[in-house]
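Okay, structure first, notes after.
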Amino acid sequence: MSKFDSIQQYPARGLAAAESVLLTVWPTLGRHHDDIVLIGGLAVHYLTREHTKGWPGAVTMDVDLGLSLAVDDDRYGNILNDMRGLGFSDDPDQTNRLVREVDGLKMYLDFLTDSGTKLKGTARVSDVITSSVPGVDRAICERRMVTIEGMDLYGAKKQMEIPVCDVGPLLVLKLNAFGGPTGRCHPKDAYDVLLCVTGYPEGAGKAIQAFRKEQTENNAGFVHAVQALENDFTHAEADGPIRAAQFLRADEEQGQRLKEELVTAARFMLGK
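All residue numbers for the sequence shown refer to our numbering, where the first residue is 15 and numbers rise by one.
As structure tokens, this is what we get:
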């Protein structure tokens, strides 16, 4: 399991372990760097880590990498072999992810692709089984380079520039993860939406503008993200705000503030 329903359930060393996984696999993926971007919870962390405005920062137990389908089949096969050479193996419980134990924790490595009209399911490309997620192509196009420092899984100190999905496509992906065609309504994803908007370095207004820009950029996941906002985030008793507040195990006052901020952000994203 890589998601829990409260922030307190995440091990304190989980985020650092995920960072070590990223710093280990990134050099091995060197020949594919133009076609890969970091997405998911670790991307939320790197975009918002210094600007969370009083809310606890992002947590995660996995590394999600968006892949372009422009990468040829042979390269996909090489990616799988390379990851196995770093100690990752197929997850016996889920065929489209890789797993490795790190300091007693199971850490997961997921590859995701945008296969156009395919809204869910998996796509086998050579030996790699990837999750089909609308909007990954836009994540690869809209990325910012972030300096990441830490220890890899072998104990070597690393400093790297890694492309991280910027906030517009990341919000589309996070909203779809919560309430899209394959959405699972996980409390963490709702909370990540709040962090993406309120913790964006250029400000909440710029984050909202970036999200709305995805409509004009023909992001394949945008229409589903808007539907998720409409269904799950536009009032305080909707699933998104309630589950985000529960993720923090917030007291009444903090929970009410969180829900109000998330509803306000959702309405602005919808242009209301």
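By construction, the Cβ of each residue, glycine as well, lies at the ideal position given by its N, Cα and C atoms.
| Cβ atoms of TRP40 and ILE256: under 9 Å apart, would you say? | For the 9 Å CB-CB criterion, ILE256 and TRP40 do not form a contact.
| query | Start and end of the alpha helix (DSSP H) containing TYR257? | reply | Note on identity: in this sequence residue 257 is Arg, with Tyr being the wrong assignment. Residues 253 to 262.
| query | Taking just the CA atoms, how far does ALA32 sit from GLY287? | reply | This structure cannot settle anything about residue 287, because the visible part of the chain is limited to 15 through 286.
| request: Tell me where the alpha helix (DSSP H) around PRO106 begins and ends. | output: Note, PRO106: premise wrong, no alpha helix (DSSP H); not H, not E.
| request: Please classify MET75: does DSSP put it in a helix, a strand, or coil? | output: coil
| Between the CA atoms of ASN110 and GLU216 - distance to the nearest angstrom | 35 Å
| field | Sequence-distant residues of its chain with Cβ nearer than 8 Å to LEU119 (five each side left out) | value | Taking LEU119 as the centre and dropping the five residues before and after it, the same chain places the C-beta of PRO25, ARG27, GLY28, ALA31, MET75 closer than 8 Å to its C-beta, in chain order.
| Is DSSP giving TYR122 helix, strand or coil here? | strand
| request: Return the CA-CA distance between PRO201 and LYS17, expressed in angstroms with no decimal places. | output: Rounded to whole angstroms, the gap between the alpha carbons of PRO201 and LYS17 is 9 Å.
| query | In chain order, which continuous runs of the alpha helix (DSSP H) of length 4 or greater are located wholly inside the region 204 to 259? | reply | Taking only runs of at least 4 residues, the alpha helix (DSSP H) segments lying wholly in the region 204 to 259 are 218 to 230, 236 to 246.
| request: Mind the definition here: the region 147 to 166 touches the region 45 to 63 only if three or more C-beta pairs lie below 8 Å; say whether that holds. | output: yes
| field | Cβ shell of LEU100 (< 8 Å), same chain only, five flanking positions each side left out | value | THR38, VAL39, THR42, ARG114, LEU167
| CA-to-CA distance, LEU208 to GLY193, given in whole angstroms | Near 15 Å, if we compare the C-alpha coordinates of LEU208 and GLY193.
| message | Taking the straight line between their C-alpha atoms, what separation do you get for CYS179 and LEU52? | response | 6 Å
| request: With a threshold of 16 other CB atoms inside 10 Å of the CB of HIS249, please say whether the residue is buried or exposed. | output: exposed
| SER20 and PHE225 look like a contact to me (Cβ under 8 Å); what is the Cβ gap, rounded to whole Å? | Here SER20 is actually not in contact with PHE225; their C-beta atoms are around 26 Å apart, not less than 8 Å.
| field | ALA191 versus LEU36: straight-line alpha-carbon distance, rounded | value | 21 Å
| said: On the DSSP bridge list, what partners appear for THR127? | reply: LEU81, SER146
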